[in-house]
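Each residue of the sequence shown is one higher than the last, beginning at 2 in my numbering. Where is the CB? At the ideal position from N, CA and C, for every residue including glycine.
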Amino acid sequence: MAINLEYNAHKNTFVWMDNPLERIYQLWPEIMEATKFNSIPHVIGEMKIQAKTITDIRMDVILKENAEGLVIVENDTIYFMLPVEVTSGVEGLYLKLLSILR
């Protein structure tokens, strides 16, 4: 079932067709497991946008030695790599996703 969440970024309104928090919660155990290593967990993924609607979001977890963020916008797709601060929790990662849309 698709859940519509609206996000207003500097007068641009985006609608999420899939709940991004649900996807982050699914990844969270893997992110927590990654903290056992001497590396920083990062979420890599892509968001597909059509007419101010985020139609698809895919994410996975990787480990890196240094915290590095990267965002690439290509046509209707946003590719990203975001370092995860475990202390900020699921909500902190969600806020980082929102910051990409600015």
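Give the secondary structure of residue i by DSSP, where H, G and I count as helix, E and B as strand, and everything else as coil.
i, result
"R103", "coil"
"E69", "coil"
From the DSSP output, read off the bridge partner residues of residue i.
i, result
"D106", "Residue numbering for the chain in the displayed model covers 2 to 103; residue 106 lies beyond these limits and cannot be assessed."
"L83", "V44"
"T88", "DSSP lists no partner for T88."
"L94", "DSSP lists no partner for L94."
So, are the CB atoms of residue i and residue j less than 7 Å apart?
i, j, result
"P42", "V85", "yes"
"M60", "L71", "no"
"T56", "M18", "yes"
"S15", "L102", "The sequence given here places Phe at residue 15; Ser does not occur at that position. Yes."
"I63", "I45", "yes"
"S40", "E66", "yes"
Assuming residue i is part of the alpha helix (DSSP H), what are its boundary residues?
i, result
"M33", "P21 to A35"
Can you tell me where the beta strand (DSSP E) holding residue i begins and where it ends?
i, result
"M18", "That residue, M18, is in no beta strand (DSSP E); it is neither H nor E in DSSP."
Open item on the list: Closer than 8 Å is the cut-off here; do at least three beta carbon pairs connect the stretch 19–34 with the stretch 86–95?
Closed with: Touching, yes.
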